[in-house]
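2 protein chains.
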Amino acid sequence: MKSNLIFNVYVPTRILFGCGELEKLATESLPGKKAMVVISSGTSMKKFGYLDRVLSLLGRNGVETVVYDKILPNPIRAHVMEASGICRAEGCDFVVGLGGGSSIDSAKAIAVMARNDGDYWDYVDAGSGKGKTVLGALPVVAIPTTAGTGTEADPWAVITNEELHEKIGFGGDFSFPALSIVDPELMVSVPPRFTALQGFDAFFHASEGYIANCSSPVSDLYALEAIRLLAKYLPEAVNNGSNIKARTKVALASTLAGLVESTSSCTSEHSLEHAMSAFCPELPHGAGLIAISDAYFSAFRADSVKRYMKMAEAMTGHPSSGPGDFLGALRRMQTACGVDELKLSDWGVKKEDFPAMVQNARSTMGGLFEFDPRPLSDEEILEIYRTSYK
Amino acid sequence: MKSNLIFNVYVPTRILFGCGELEKLATESLPGKKAMVVISSGTSMKKFGYLDRVLSLLGRNGVETVVYDKILPNPIRAHVMEASGICRAEGCDFVVGLGGGSSIDSAKAIAVMARNDGDYWDYVDAGSGKGKTVLGALPVVAIPTTAGTGTEADPWAVITNEELHEKIGFGGDFSFPALSIVDPELMVSVPPRFTALQGFDAFFHASEGYIANCSSPVSDLYALEAIRLLAKYLPEAVNNGSNIKARTKVALASTLAGLVESTSSCTSEHSLEHAMSAFCPELPHGAGLIAISDAYFSAFRADSVKRYMKMAEAMTGHPSSGPGDFLGALRRMQTACGVDELKLSDWGVKKEDFPAMVQNARSTMGGLFEFDPRPLSDEEILEIYRTSYK
């Protein structure tokens, strides 16, 4: 596949990147005087002082704040609706997402529902969502404390409808963050296992976006550099989390991979994973992706030969002689990051659910299958699930 | 020099790239119902039918139009003021720049003055400009018909104050185009000599932005790819202008180099050239840059060794053994494009003016000197001018 010479680029987000850049929250021009700060229900934003620091910096910038602290690792529709109601009642001008992808994605969805009536699933444009037109949204400020989702550089919000078992990525021009502050110093507190799972999420954004048939010469630049950086620095960030250089390079790769999601697209590996997570909400997104990655990428090894070789060259720094080099480099990277032995069964994934997951993947995130290097049959998808099962 | 790991990215322009994309002007959401279309005083926009086509596409999109067709190759303040007056009187909602950099840069400046009182030089923030705060601007749609300035992907407008001999690049968040349509099919009509001069303008945006001390990991991606594409395809675009693949690659390089100008910066080579053009308005910008490039880049060969080698590798596809490889590749590329024997004296540049040009470069575009790999002395600048003179 050659890169497409007809393409669009649109990423209106202002990205401030670098160690110490969080301080700019006190001085940067912000889109209002009252903000809802969205964080997860976990303890880390408070324990590491990130919440207090953000509230204080916003205060120095003359911004009043309301905190919403219930977001789950797989964030749910009910919290989006509750928080957007509070946003309206409190008259918030913008929404700050502080934390991992769950908090920032929720901030995006909350910002939409603070400006649009009805239910979030009225607007979601896949699964059983009604696809109504979104009429604007509050501005979002994204402050990631993990490196993986890339949500700081793309319009997507992945929210689960807990009643319908639908985990869907949705967004549009209205949901790019207005401002994203990517400060790698906030990421040194992430434990090794999560560093690895999140880093591989970024890796798959880049590698899927690179083999996607909608890739462009611009998305290719971001993708290959993200792949190169992750292969080189993710193992060190996992094994020595206080290495700020490695953290910085992995954060950069995550943001570049977010730009890939804005300029190319994920492929159906993400559909397959979302279907598993919709059935087993405890399964971390990155773990699901890693578990199926070898089978998934093996499926296209004959369809995207040159691109697999280019990815291998970015990962190894050496000329590649065939697409298998990429699969080998991917396996070695997983070993180096200690995630080569993940068992889907540990998170309660059941073989019997595979046929239903295939249907779920098609119905909730079917659009991504169109970007695969070639169409996958249901039988092939089942085979990817089966081969990946331990 | 290593790349900076603290940096910003902000390019809110929607870019539609590719052959045939101009047709989207009839269907894309546009920022209003009445547009001023700005073109040069030359004949090509009419002769090749581009103006009629743009007016017709805008009409199909329900947009009324007013044409302003006086822009000079080095566009002047007086035309900015006249056109912005017409814009106000006619109640235009947005400004379309159709043509080369002069028309698009003028469109940006006109859009500013349609929304701000007083004179354009009240807002310009260098030279004798007063640096007043710009309070918004009309949206701009950029439709380049040349590949070189990159203005479709950056906020800069280069306007000459004809009374003061000041040629200054000025812009800010307010002057990014809202929409840019880069359709290489509009570029096949550019004659060989102009193709070369414009292509080298793009080359220097990329190469200056790559050695600039404010370069970032993101600008580096754009810069090296632009350099690679231009070295590979510019000679073919010059020598066989109907080769649409070469035109497309050169157009892509120009847009990438525009992104470099948005994420890194030009260095003082551009200050030196603007000073020459301010004294000799007939001197094409690209010709001025080419004429001084060997002396300019020779000045930093010991300061940016690795980066010169990386540029050489991008240009040749082979490992580089030293910074001289870049200078050699640059000379060979100029020979291949038939621009290795440009004589500044042919455009009326006078040796006696060099000391005044040094002062002009410092006073009107002094900011760019701060981005050089190391500070240049006045004596070194004089030496660059003198060495380049034929």
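Residue numbers (the numbering used here), protein chains in the order written: chain L, 4 to 393; chain B, 4 to 393. We treat Cβ as the ideally placed atom computed from N, Cα and C, and that holds for glycine. Here the structure is a predicted model, which means the values were calculated and not measured.
Determine the direct distance from the alpha carbon of residue j to that of residue i, and round the result to whole angstroms.
{"i": "residue 133 (chain L)", "j": "residue 79 (chain L)", "result": "17 Å"}
{"i": "residue 118 (chain B)", "j": "residue 242 (chain B)", "result": "44 Å"}
{"i": "residue 320 (chain L)", "j": "residue 300 (chain L)", "result": "20 Å"}
{"i": "residue 45 (chain B)", "j": "residue 69 (chain B)", "result": "17 Å"}
{"i": "residue 339 (chain L)", "j": "residue 24 (chain B)", "result": "45 Å"}
{"i": "residue 266 (chain B)", "j": "residue 122 (chain L)", "result": "39 Å"}
{"i": "residue 220 (chain B)", "j": "residue 263 (chain B)", "result": "11 Å"}
{"i": "residue 1 (chain B)", "j": "residue 384 (chain B)", "result": "With chain B covering only 4 through 393, there is no way to say anything about residue 1 (chain B)."}
{"i": "residue 391 (chain B)", "j": "residue 131 (chain B)", "result": "28 Å"}
{"i": "residue 94 (chain B)", "j": "residue 26 (chain B)", "result": "25 Å"}
{"i": "residue 37 (chain L)", "j": "residue 50 (chain L)", "result": "24 Å"}
{"i": "residue 361 (chain B)", "j": "residue 367 (chain B)", "result": "10 Å"}
{"i": "residue 165 (chain B)", "j": "residue 104 (chain B)", "result": "18 Å"}
{"i": "residue 96 (chain B)", "j": "residue 174 (chain B)", "result": "20 Å"}
{"i": "residue 249 (chain L)", "j": "residue 186 (chain L)", "result": "13 Å"}
{"i": "residue 143 (chain B)", "j": "residue 346 (chain B)", "result": "36 Å"}
{"i": "residue 224 (chain B)", "j": "residue 62 (chain L)", "result": "37 Å"}
{"i": "residue 99 (chain L)", "j": "residue 312 (chain L)", "result": "40 Å"}
{"i": "residue 157 (chain L)", "j": "residue 240 (chain L)", "result": "24 Å"}
{"i": "residue 66 (chain B)", "j": "residue 108 (chain B)", "result": "22 Å"}
Which class does residue i belong to by DSSP, given the choice of helix, strand or coil?
{"i": "residue 242 (chain L)", "result": "helix"}
{"i": "residue 160 (chain B)", "result": "strand"}
{"i": "residue 390 (chain L)", "result": "helix"}
{"i": "residue 38 (chain B)", "result": "strand"}
{"i": "residue 171 (chain L)", "result": "strand"}
{"i": "residue 183 (chain L)", "result": "strand"}
{"i": "residue 51 (chain L)", "result": "coil"}
{"i": "residue 68 (chain B)", "result": "strand"}
{"i": "residue 9 (chain B)", "result": "coil"}
{"i": "residue 129 (chain B)", "result": "coil"}
{"i": "residue 178 (chain L)", "result": "helix"}
{"i": "residue 394 (chain B)", "result": "It is not possible to answer for residue 394 (chain B), since the shown part of chain B is limited to 4 through 393."}
{"i": "residue 212 (chain L)", "result": "helix"}
{"i": "residue 16 (chain L)", "result": "strand"}
{"i": "residue 195 (chain B)", "result": "helix"}
{"i": "residue 145 (chain L)", "result": "strand"}
Using a 10 Å radius around the Cβ and a threshold of 16 neighbouring Cβ atoms, would you call residue i buried or exposed?
{"i": "residue 381 (chain B)", "result": "exposed"}
{"i": "residue 305 (chain B)", "result": "exposed"}
{"i": "residue 139 (chain L)", "result": "exposed"}
{"i": "residue 373 (chain B)", "result": "exposed"}
{"i": "residue 231 (chain L)", "result": "buried"}
{"i": "residue 375 (chain L)", "result": "buried"}
{"i": "residue 111 (chain L)", "result": "buried"}
{"i": "residue 86 (chain B)", "result": "buried"}
{"i": "residue 310 (chain B)", "result": "buried"}
{"i": "residue 364 (chain L)", "result": "buried"}
{"i": "residue 344 (chain B)", "result": "exposed"}
{"i": "residue 238 (chain B)", "result": "buried"}
{"i": "residue 378 (chain L)", "result": "exposed"}
{"i": "residue 176 (chain L)", "result": "exposed"}
{"i": "residue 324 (chain B)", "result": "exposed"}
Rank the options by C-alpha distance to the C-alpha of residue i and give the top, closest one.
{"i": "residue 125 (chain L)", "options": "L:171, L:93, L:89", "result": "L:171"}
{"i": "residue 15 (chain B)", "options": "L:231, L:332, L:179, L:139", "result": "L:179"}
{"i": "residue 137 (chain L)", "options": "L:268, L:114, L:330", "result": "L:114"}
{"i": "residue 209 (chain L)", "options": "L:234, L:187, L:189", "result": "L:234"}
{"i": "residue 74 (chain B)", "options": "B:43, B:19, B:153", "result": "B:43"}
{"i": "residue 184 (chain B)", "options": "B:71, B:379, B:17", "result": "B:17"}
{"i": "residue 307 (chain L)", "options": "L:341, L:248, L:252, L:213", "result": "L:213"}
{"i": "residue 333 (chain L)", "options": "L:317, L:348, L:245", "result": "L:317"}
{"i": "residue 72 (chain B)", "options": "B:66, B:54, B:62, B:229", "result": "B:54"}
{"i": "residue 83 (chain B)", "options": "B:106, B:63, B:61, B:254", "result": "B:106"}
{"i": "residue 102 (chain L)", "options": "L:90, L:151, L:128", "result": "L:151"}
{"i": "residue 127 (chain B)", "options": "B:169, B:100, B:157", "result": "B:169"}
{"i": "residue 10 (chain B)", "options": "L:173, L:60, L:135, L:258", "result": "L:258"}
{"i": "residue 302 (chain B)", "options": "B:270, B:323, B:291", "result": "B:270"}
{"i": "residue 56 (chain L)", "options": "L:228, L:148, L:352", "result": "L:148"}
{"i": "residue 349 (chain L)", "options": "L:244, L:274, L:291, L:272", "result": "L:291"}
Does residue i have its Cβ less than 8 Å from a Cβ in chain A?
{"i": "residue 230 (chain L)", "result": "Looking for chain A here will not work: the only protein chains present are L and B."}
- Report yes or no: do the segment 26–34 of chain L and the segment 191–204 of chain L share at least 3 C-beta pairs separated by less than 8 Å? no
- Task: Decide if the segment 339–357 of chain L is in contact with the segment 282–292 of chain L; the criterion is three or more beta carbon pairs, one per stretch, under 8 Å apart.
- Result: yes
- Item | Three-pair Cβ contact test at 8 Å for the segment 251–260 of chain B versus the segment 200–209 of chain B | yes
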